[in-house]
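Novice: Structure provided below as structure tokens; questions to follow.
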Ligand code: SF4
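Residue numbers (my numbering): 214 to 541.
Take a look at the structure:
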């Protein structure tokens, strides 16, 4: 499958949003030669976005550790001995100070993450106060708090929440190998509540958890067949944290990671694709290939929830080397 750069009618057809991607079509994309796949992803990327712009988000853990869920990749699960102590929900003022610092460092979106299965209503009221305060600074707001009921999603919307992150993580078939304390359908229901409340959806997954390529295909198929594509699609590379069940998961070939980014870009052409967790262990060259494959968002700052993230200065140097600038 190849594409001429000047074939504009073909290009605009490729940018059309589709919700009927089949697994065999997605598998065929994964199987393209690397140059063909990257060219196709980059061609689509240029149609929908400025390829030199990267959206920058900052992620703060507002309530760390002690989570009752058993996500096998997560150091915040209370079931694993990872050295992370359970903390209380941060006070609003402390969150606001972090948000101001993020804004000064160039972030346009501030994401607040809490290690909960689902928020209690009294905690949600605090989060709503944070959302209002952060938004008043002129930042877009995002939260990731676990499963939400319909009224909780509506309360967050009333507080002014712009985005809600809730990942599908992997394929429906592989999900039970990674998490046993909830099912795929629970995720889909929360996503629907968020969408129905009028909040933008941030939803992606993690690769490198020992899944097969068929599972990566299944994950992209699940994301691309949502009734509305997520506005933001984070693609994470597993961070293998000592003490979690996936501490010794086999390392995924970086080219397969880049392929996953490219296939996400092709199948969800209008979504911002976020190069998310795992950048700390990635070479500059791999990250550059991810941008070429259509990634156009990163988390910026020294901590990504509880795992290390490249220092801000390293990010700035890489963006300068590549001639990338922050998306307004
Ligand atoms: S990923 Fe979220 S839900 Fe799962 S254990 Fe970690 S904090 Fe809990």
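All C-beta atoms, glycine included, are put in the ideal place defined by N, C-alpha and C.
1) Which residue from 437, 413, 456, 507 puts its Cα closest to that of residue 470?
2) Does DSSP classify residue 364 as helix, strand or coil?
3) Whose CA, out of 244, 332, 539, lies closest to the CA of residue 369?
4) Would you check if the distance between the CB atom of residue 202 and the CB atom of residue 347 is smaller than 7 Å?
5) Closer than 8 Å is the cut-off here; do at least three beta carbon pairs connect the region 477-492 with the region 442-458?
6) Is residue 471 helix, strand or coil by DSSP?
7) Just how far apart, CA to CA, sit residue 428 and residue 238?
8) Quick check on DSSP: helix, strand or coil for residue 530?
9) Please determine whether the Cβ atom of residue 331 lies at a distance below 6 Å from any heavy atom of the ligand COA.
10) I'd like the list of long-range same chain contacts for residue 308, defined as Cβ closer than 8 Å, with 5 residues on each side in sequence excluded.
11) Is the region 381-396 touching the region 417-433 in the sense that three or more CB pairs, one from each, lie closer than 8 Å?
12) What are the uninterrupted segments assigned as beta strand (DSSP E) that are 3 or more residues long and contained completely in the region 283-329, given in chain order?
13) Which two residues bound the contiguous alpha helix (DSSP H) that contains residue 356?
14) Mind checking which residues open and close the beta strand (DSSP E) that includes residue 247?
15) From this set, 352, 529, 392, 291, which residue's C-alpha is nearest residue 310's C-alpha?
16) What separation, rounded to the nearest whole angstrom, lies between the Cα atoms of residue 355 and residue 367?
17) So does residue 445 have its beta carbon nearer than 6 Å to some heavy atom of the ligand SF4?
18) Quick one: is residue 414 buried, meaning 16 or more other Cβ sit within 10 Å of its Cβ, or exposed?
19) Give the secondary structure of residue 512 by DSSP, where H, G and I count as helix, E and B as strand, and everything else as coil.
Specialist: Straight from the coordinates:
1) 507
2) helix
3) 332
4) For the chain, the structure presents residues 214 to 541; residue 202 sits outside this window and is missing.
5) yes
6) helix
7) 14 Å
8) helix
9) Of the ligands this structure carries, namely the ligand SF4, none is the ligand COA.
10) 273, 275, 325, 343, 346, 347
11) yes
12) 322-327
13) Where residue 356 is concerned, there is no enclosing alpha helix (DSSP H), although the beta strand (DSSP E) it sits in stretches over 353-357.
14) No beta strand (DSSP E) contains residue 247, which is instead part of the alpha helix (DSSP H) from 247-261.
15) 352
16) 14 Å
17) no
18) Taking all protein chains shown into account, residue 414 has 16 or more neighbouring C-beta atoms within 10 Å of its C-beta and is therefore buried.
19) strand
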